[in-house]
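Okay, so here's the structure we're looking at.
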Amino acid sequence: MSEMIKFIVGELNKEPYNRNYNLITFDALGAEPLLQILNDVFGEIDAKNKLDIREEEPDQMAVRMLGMLRILKYKPPDDNMSNFRQGLVSGDKHTVYPILAWLLQRMDELKKRAYLARFLVKLDVPAEILGDADVADVYMKYEELIEQFKHVHREHEALRTSGFSTAELRNDIATMEEERDLVMRRQERMKQKVESTPNHESMLGASKTLRQERERQKEMKQQETDLMSSCTVNEQRIARLQTQLKDIRKAGMGTTPEGLLQRLEEDVNVNSYIVKEKLPKEVSTKQRYVDTLQRVAAQPAMGQQELEQVNKQIRAVTAEVNTLNEARMKEVDEDDNPENKVCKLSFFRQNAAIITRKKEQTVERLNELRNELAGYQEDMKDKQEQLKEFSGEHVLRGEEFKRYVNKLRGKSSVYKMKKAELSELVAEFGVLSRTEEILKAKEAQINEQLGEMESKMGVSGFRDTQETMEIVSSQKAEVDERKGQTLEEMSSMVMELNRKIADRKSRLAPIIKELRPLRQRMGDMTVDYNEKKHTYDSMAAGLETNMAKLEGEVKNLGEELVSSESQFHLQLVQKEMHNFKQQQAQDEIKLYLSSDPQDKKKSLREKLMNQINEQEKAGRGLRDEQKAVKDLVQTSAKQLTMWQDVFKIMEIKRSCLEASRNSGTMMRNSGGEALILT
């Protein structure tokens, strides 16, 4: 569940939701915000669902969401649809979280499915309305349009996933047209050249036959390679069959029907033990673990102090159980009465428990080995398929691998020799190419001289025509020779193939004769195996039904036990609380009725009375302090007003002094001016 919540929170914090949740805030959401988030995810898949669920009736919202889940083909983890609908309407976390995780994992696929549902989900028209001819015609057209939409959508998806684009196709068409124009122009030039030469028709016929013979030669070579490859495949198949036959013979050596039956009985015993004893125990253990987890999840969260207290209680109970077991074992060892000797059976019980535990461990180890074997077989099949895809050959083992390595060594030595010969031929080719260039230069000079002599004699072009005729005759002779060689090679190849096929048939005949009784024996064993499997399946089905009934009864009894244990623990805690309060009251009564004054001081009543008196004294002191503070505030307020008045008087005096100073200076200035005038 925690991994699911992490995935949901991570997806909701991305575009286009941008929720900024963490695990605590998301887990603390109520039913209505959780349903709103689910509706927003539906809105991203299909825009019709973008609305506020507070403006919609709960019944309409449930119908709309269930219809959307039906269109998206969501399968609830629990087959009980009534509980699923109730959990969806109430916004239950255990119902909404799996839906959100399933939707957010495959958004692109679900968007496509929702888009197609708008056009492919047929309208539900009642049968009485379809009885109308016009409505029936319209409905038939509607179905035809749906089929047309399916066809067009498939073509669209095929074109989109094919990897082609219109721009690439246009570029390819343009390049092909340019190449076609080039070929047409080249063909026209070649026609003009050929028409100017004499006997061009016969030469064209000869070139046509030459081309046809070359094509036939290519076809014959392709047929040869195909036949060689088929021979190789048949040889590999024969080798594989031989190895299988060897394995079957090795497995069949020393085996008897009794041994096979004993092996089958052992397998049946192991499987029956797994089905009857091991699996029910595991189921009950898992069920108890789940019930415990559910009880823990239903309880309120515990703090660190409460956890420490529970751990202390567990350690104390464990220590008490250990001490009781040790005391019991000592009593059993020390007691020699015949009646109590039965208790010493605990030793044998412990041995039986140890043997049972070893048996369970052995069965678990057997299951692990079976799973590993199945995994290795699957890996081997995958590797073989990959090898067939790449090379088309089977895996070489033993002597075949050694022969293959020796063959590779021989080929490597041949490769080195050929490489040395190739380097020599390359050096010789350089010398010959230089010689050819020199001879071509001399030939050009001689041809120029011959052309001048032919023009002087009036027979220009004679040499070229003669060379052309010689070339054509030599080419025809080569073609005839190749044709004869090809026919001889074909006949020899056909004879060789027939000989190999006959040889293979003669070698396979005794193997096939040996395989026939083995096949018949295998068929008989298969019939016996099917009969025993049928009886085993019938017995297993009966045991499963009985086991299901017992599991139901065990589950009901377990639930009753859990409820009874919870009530017992609750009543036990209440009893302890009542006992503690009763004991506290009795102690208080004893201390109160005691004649000793020291005991009375220890009583809770005296302690509380002392605390009450101390608090009353403290209250009286605080009230006196409050009264003194109030008086001090009043006197301080009066002093503050008096000081403010003094401050105002001083300000007025300062302003008057400044005004008198300013008037004196003005009078002195006016007197000076009068003296100057006089």
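Read left to right, the sequence shown gives residues 23 to 700 (our numbering). Just so you know, even glycine gets a beta-carbon here, dropped at the ideal spot from N, CA and C.
Whether E54 touches G109 by CB criterion (8 Å): no
Is F669 buried or exposed, if buried means 16 or more other CB atoms sit within 10 Å of its CB? exposed
What number of angstroms, rounded off, separates the C-alpha of L346 from the C-alpha of V339? 10 Å
For S617, does the three-state DSSP call read helix, strand or coil? coil
Quick check: M26 and A155, are their CB atoms within less than 8 Å of each other? no
Alpha helix (DSSP H) segment containing T117, residue limits: 115-127
From what residue to what residue does the alpha helix (DSSP H) around G89 run? 80-93
Under 8 Å: do the segment 131-144 and the segment 164-178 share three or more Cβ pairs, one atom per stretch? yes
For the alpha helix (DSSP H) containing G153, list its first residue and its last residue. Counted as a single uninterrupted DSSP element, the stretch harbouring G153 is not any alpha helix (DSSP H), since DSSP gives it neither H nor E.
What is the residue span of the alpha helix (DSSP H) that R285 lies within? 279-295
Taking the straight line between their C-alpha atoms, what separation do you get for Y398 and E386? Taking the straight line from one Cα to the other gives about 18 Å.
Whole-Å CB distance - V305 paired with E581, under 8 Å assumed: The Cβ separation is near 16 Å, so there is no contact.
How about Q606: is its Cβ closer than 7 Å to a heavy atom in the ligand SAH? Ligands displayed in this structure: none; no statement on the ligand SAH is therefore possible.
Contact between the segment 262-271 and the segment 531-544: three or more CB pairs below 8 Å? yes
What's the gap between the Cα of L583 and the Cα of Q633? Those two C-alpha atoms are separated by around 49 Å.
Buried or exposed by the 16-neighbour rule on C-beta atoms within 10 Å, applied to A136: Residue environment for A136: buried (at least 16 other C-beta atoms within 10 angstroms of its C-beta).
Under three-state DSSP, which class holds E37? coil
Is DSSP giving N61 helix, strand or coil here? helix
Between the beta-carbon of K624 and the beta-carbon of L613, is there less than 8 Å? Yes, the pair counts as a contact, with Cβ atoms nearer than the cut-off.
Beta-carbon proximity list for R233, same chain, < 8 Å, skipping 5 on both sides: none
If we ignore side chains and look at the alpha-carbon of each, how far apart do T117 and R310 end up? Just so you know, the alpha carbons of T117 and R310 end up roughly 23 Å apart.
Please state if the CB of P38 and the CB of E66 are separated by a distance shorter than 8 Å. yes
Of the residues R392, I260, N344, E610, which one's Cα is nearest the Cα of N293? Minimum Cα distance to N293 is reached at R392.
Looking at the structure shown, is A50 part of a helix, part of a strand, or coil, going by DSSP? coil
Drop a sphere of 10 angstroms on the beta-carbon of N256, count the other beta-carbons inside from all chains shown, and report buried for 16 or more, exposed for fewer. Classified as exposed, N256 has fewer than 16 neighbouring CB atoms from the shown chains inside 10 Å of its CB.
Identity of the residue in E474, V501, M475, N469 nearest E489 by Cα: N469
8 Å CB neighbourhood of E280 in its chain, flanking five on each side removed: Cβ-Cβ distances below 8 Å link E280 to nothing in the same chain once the five nearest sequence neighbours on each side are left out.
Just to confirm the assignment, what range does the alpha helix (DSSP H) spanning R310 have? Counting along the chain, the alpha helix (DSSP H) containing R310 begins and ends at 301-320.
Anyone know if the C-beta pair for M212 and V494 falls short of 8 Å? Inclusion of M212 and V494 in the CB contact set at 8 Å is not warranted, their separation being larger than that value.
Cβ neighbour criterion (16 or more within 10 Å) applied to M90: Under this definition M90 is a buried residue.
How is K72 classed by DSSP in three states: helix, strand or coil? coil
With burial defined as no fewer than 16 other Cβ atoms inside 10 Å of the residue's Cβ, what is the status of A681: buried or exposed? So A681 counts as exposed.
Among residues of its own chain, excluding the 5 on either side of V216, which ones have a beta-carbon nearer than 8 Å to its beta-carbon? H222, M225, L226
Specify, as a first and last residue, the run of the alpha helix (DSSP H) that Q143 falls within. According to the sequence displayed, residue 143 carries Val and not Gln. Neither: V143 is in no alpha helix (DSSP H) and is coded neither H nor E.
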